[in-house]
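Visitor: I'd like to ask some things about the structure below.
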Amino acid sequence: MNEAPVITLDGPSATGKGTVAGLVAQRLGFHRLDSGALYRALALAARQRGIDLEDGAALAALSARLAARFEANGQTWLDGEDASLAIRTPEAGQWASRIATLAEVREALLPRQRAFRCAPGLVAEGRDMGTVVFPDAECKIFLDASAAVRAERRWRQLLEKGLDARLPDLLQDLQSRDSRDMQRGIAPLRPARQAIRIDTSHLPVESVVEKVLERAMQVIDVGLGNSACD
């Protein structure tokens, strides 16, 4: 039995992974996994319960009973409440980056992420989708952009959502997170083998989408995948 095909989109924060993943999934009729939202939801739930973000065992136990739901429209529900904005704050991003360094957390979330793989296919975005979660993915993409461009993108996104933000602080946060993600001992941020690198600094979103789709059509059979999501 063939497994459903997977397109992985890895890269640092604010490179456009979310937007591109959503559009690619929509164009192909594929499912979508936003792994960052999963880590952010777990970190937020931990903070709400007073769990130490360095306590890997407690976080892993929480992940097993995490009442989180991710909608196709990008909404995230946590404990029955809309947490879409709460998980997108700079603080939530920092918390997620901290727990992502813990082996217990990554191991606990691995099967939950792989469960998203089902017919007709999956677009998975994150930092280790092509290296760890789906190493056998047919199509691997690594998106990148300059830190200055990414900080401005994140700043505009937060302002549009009515959240306060200072551009210099966002730039510093992004650079700190990049360093932490790339230097962590477990599943560091790096391009997967055979990944196609795309610099999105000065490319329109639609151009990036077209590049991803062009590569996907070269290496995958959209007709593959006869498993089904529950």
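Number 230 marks the last residue of the sequence shown (this note's numbering); no jumps. We put the beta carbon where it would ideally sit given N, CA and C, even for glycine. Given the structure is predicted, the values throughout are model-derived calculations rather than measurements.
#1: Is aspartate 178 near serine 13, with beta carbons less than 9 angstroms apart?
#2: Counting pairs of Cβ atoms below 8 angstroms between the region 199 to 209 and the region 7 to 26, do you hit three or more?
#3: Quick check on the burial criterion: 16 or more other C-beta atoms within 10 angstroms. Buried or exposed for threonine 15?
#4: Where does aspartate 82 sit, in a helix, a strand or coil, going by DSSP?
#5: Pick from Pro5, Glu3, Leu23: whose alpha carbon is nearest that of valine 209?
#6: Assuming alanine 147 and glutamine 175 are in contact, meaning their beta carbons sit under 8 angstroms apart, how far apart are those beta carbons, in whole angstroms?
#7: Could you tell me which residues DSSP puts in a beta bridge with arginine 32?
#8: Which class does threonine 19 belong to by DSSP, given the choice of helix, strand or coil?
#9: Using the Cα positions of valine 9 and threonine 76, report the straight-line distance between them to the nearest angstrom.
#10: Pull the bridge partners of aspartate 199 from the DSSP assignment, please.
#11: What are the boundary residues of the alpha helix (DSSP H) that alanine 57 is part of?
#12: Between which two residues does the beta strand (DSSP E) carrying alanine 68 extend?
#13: Once the 5 residues before and after leucine 42 are set aside, which same chain residues still bring their CB inside 8 angstroms of it?
#14: According to DSSP, which residues form a beta bridge with leucine 44?
#15: Note down the Cα distance separating valine 149 from alanine 92, rounded to an integer number of angstroms.
#16: In this structure, how does DSSP classify leucine 163 when only helix, strand and coil are distinguished?
#17: Less than 6 angstroms between C-beta atoms, sequence neighbours within five positions excluded: which residues of the same chain meet that for isoleucine 278?
#18: Among Ala103, Leu78, Val132, Leu170, which has the Cα closest to the Cα of threonine 47?
#19: Compare the beta carbon distance of proline 191 and glycine 126 with 9 angstroms and say whether it is the shorter of the two.
#20: Sort out for me which residues DSSP pairs aspartate 169 with in a bridge.
#21: Once you ignore the five residues that flank methionine 182 on each side, which residues in its own chain have a CB closer than 8 angstroms to its CB?
#22: Let me know if aspartate 173 comes out buried or exposed under the rule of 16 or more other beta-carbons within 10 Å of its beta-carbon.
#23: Straight-line CA distance for arginine 27 to glycine 121?
#24: Three-state secondary structure (DSSP) at aspartate 221?
Guide: In this structure, then:
#1: Yes, they are a contact pair.
#2: yes
#3: buried
#4: strand
#5: Leu23
#6: Cβ-Cβ separation between alanine 147 and glutamine 175: approximately 6 angstroms, consistent with a contact (criterion under 8 angstroms).
#7: Val123
#8: helix
#9: The residue asked about is misnamed: residue 9 is leucine in this sequence, not valine. Distance between the alpha carbons of leucine 9 and threonine 76 is about 20 angstroms.
#10: DSSP lists Asp144 as partners of aspartate 199.
#11: 56 to 64
#12: 68 to 70
#13: Leu59, Leu62, Ser63, Leu66, Ala68, Ala96, Ile99, Val105, Leu109
#14: In the DSSP output, where bridge partners are listed per residue, leucine 44 has none listed.
#15: About 21 angstroms.
#16: coil
#17: Residue 278 lies beyond the stretch modelled for the chain, which goes from 1 to 230, so this question has no answer here.
#18: Before going further, note that residue 47 is arginine rather than threonine in the sequence given. Measuring from the Cα of arginine 47, the nearest candidate turns out to be Leu78.
#19: Going by C-beta atoms, proline 191 is not nearer than 9 angstroms to glycine 126.
#20: Beta-bridge pairing links aspartate 169 to no other residue.
#21: Pro188, Leu189, Arg190
#22: buried
#23: Cα to Cα, arginine 27 sits roughly 12 angstroms from glycine 121.
#24: coil
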